[in-house]
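For reference, the structure is listed below as structure tokens.
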Amino acid sequence: AAVPVVISFPITPPEITTDSLPDGTYATSYTKTLGATGGTGTYNTWTIAAGALPPGVTLNTSTGVLSGTPTKAGVYTVSFTVTDSNTKTSATRSYTVAIGKLPVTVAASSHTVPYGSTTPAVTPSYATLVGSDTTTTLNTAPNGAPACSTTYTSSTPVSLSPVDTVCSGGWAENYTFQS
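Counting from 10, one number per residue, gives the positions in the sequence shown under our numbering.
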């Protein structure tokens, strides 16, 4: 007589294989594809289990692709799961992503003054602001706006011309200042 034989195969849930997420920079395109192995069939749904992606970056829940342009610098912690075609869900995997500030160049205004003139006002100018950002988007707290100074005085000998101008200080949520 024939004896029925039942063969069963354990179905293991998928496992997220991405070791880490790359850091990014404010206002600079960001892309990363999450990876997984195991499970059955295709990976149907990627989800954010906890935390949040940087503002401006989204998760394609069908493909596991993270993409976008970060709109705010900072450090973000986010956790993902993936579900396979048998509705088995992976363990949660957590990541930290640092979105760095974008360097903005601060330069002092240039002045030509006759010998013996009073010290001119030296004002900063900014290069590399992006998108709709303007100097008014530069938050002046806690260090104040970048300030510029000069070594010129009305008694500076002509032989020391030109004199140095320097800009320093400043703070902004999405920018670092460099001169």
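For glycine and all other residues, C-beta sits at the position ideal for the given N, C-alpha and C.
Please read these numbers as outputs of a predicted model, since none were measured by experiment.
Could you tell me how far apart the beta carbons of residue i and residue j are, in whole angstroms, since I believe they sit closer than 8 Å?
i: LEU111; j: TYR35; result: 5 Å
i: ILE25; j: LYS97; result: ILE25 to LYS97, Cβ: 13 Å. No contact.
Which two residues bound the contiguous beta strand (DSSP E) that contains residue i?
i: ASN69; result: Careful: ASN69 lies outside any beta strand (DSSP E) and carries neither H nor E.
i: ALA107; result: 102–109
i: PRO13; result: Unbroken run through PRO13: none, as it is neither H nor E.
i: ALA154; result: It is not in any beta strand (DSSP E) - ALA154 carries neither H nor E in the DSSP assignment.
i: THR49; result: Run containing THR49: none; DSSP gives neither H nor E here.
i: TYR39; result: 39–42
According to DSSP, residue i sits in a beta bridge with which residue or residues?
i: TRP180; result: Per DSSP, none; premise fails for TRP180.
i: THR92; result: THR54 and THR98
i: PRO112; result: THR185
i: TYR85; result: VAL106
Drop a sphere of 10 angstroms on the beta-carbon of residue i, count the other beta-carbons inside from all chains shown, and report buried for 16 or more, exposed for fewer.
i: ASN183; result: buried
i: VAL113; result: buried
i: SER164; result: exposed
If you reduce the DSSP assignment to three classes, tell me which class residue i lands in.
i: THR127; result: coil
i: THR185; result: strand
i: THR137; result: coil
i: THR144; result: helix
i: SER119; result: coil
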